[in-house]
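The structure appears right after this line, and notes come after that.
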Amino acid sequence: MPTAIEFSNVSKLYHLGKVNSQYLSLELQRWWTMKVLRREDPLLTIDKTNDLKAKGESEYVWALKDISFMVEQGDVVCIIGKYRVGKSSLREILSQITSPTTGTIKAVGRIGSLLEVVRASI
Numbered sequence: 576m577p578t579a580i581e582f583s584n585v586s587k588l589y590h591l592g593k594v595n596s597q598y599l600s601l602e603l604q605r606w607w608t609m610k611v612l613r614r615e616d617p618l619l620t621i622d623k624t625n626d627l628k629a630k631g632e633s634e635y636v637w638a639l640k641d642i643s644f645m646v647e648q649g650d651v652v653c654i655i656g657k658y659r660v661g662k663s664s665l666r667e668i669l670s671q672i673t674s675p676t677t678g679t680i681k682a683v684g685r686i687g688s689l690l691e692v693v694r695a696s697i
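The working numbering numbers the first residue of the sequence shown as 576 and each following residue consecutively.
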């Protein structure tokens, strides 16, 4: 079967704390939480161990780094992983909601995204 989607060395880098017009409401919520409610910044930079209670060393976070894969026409893909490993970033890039920082994506036809959240305790 022909290749429908091809990811080649795709990476996505986020600059934390940078105001983006798409997320103005989130920035206003963040300001309210920090300045009015006097709580900790909800967007603290995380460190390499993904400890959300510790402030990281950098204001940049790689959501995806050098991801490569191919999907053949007619295949169904499921993205499964732990918390904060880039699943949503990958889905947003696949759905063309956001663009990758580096790498190339080749897609033939239409791509649809279905989001289902399942919490499993193992």
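Idealized CB from N, CA, C, for every residue including glycine. Owing to the predicted nature of the structure, the values given are computational and were not obtained by experimental measurement.
Just checking my contact of residue i with residue j at CB under 8 Å: how many whole Å lie between their CB atoms?
i    : j    : result
A579 : V683 : 5 Å
K587 : I668 : 7 Å
L591 : V660 : Between V660 and L591 the Cβ distance is about 17 Å, and since that is not below 8 Å, they are no contact.
Quick one: what's got a C-beta closer than 8 Å to residue i's C-beta in the same chain, skipping five residues either side?
i    : result
W645 : Note on identity: in this sequence residue 645 is Met, with Trp being the wrong assignment. Excluding sequence neighbours, M645 sits near T578, I580, E581 and F582.
L690 : R666
Among residues of its own chain, excluding the 5 on either side of residue i, which ones have a beta-carbon nearer than 7 Å to its beta-carbon?
i    : result
M576 : E647, Q648 and G649
S670 : I686 and S688
K662 : I654 and G656
Do you know offhand how far residue i's Cα is from residue j's?
i    : j    : result
R614 : R685 : 43 Å
G687 : T679 : 19 Å
E634 : Y589 : 8 Å
V585 : I655 : 18 Å
L603 : D641 : 33 Å
R605 : S674 : 24 Å
L599 : Y658 : 24 Å
T677 : S664 : 13 Å
With DSSP collapsed to three states, give me the class of residue i.
i    : result
M550 : In the structure as shown, the chain begins at 576 and stops at 697. Residue 550 is therefore absent and cannot be evaluated.
I680 : strand
K657 : coil
S663 : helix
S600 : helix
I668 : helix
D650 : coil
M576 : coil
E634 : coil
For residue i, which residues of its own chain have a beta-carbon under 6 Å away from its beta-carbon, when the five flanking residues on both sides are left out?
i    : result
K681 : E581
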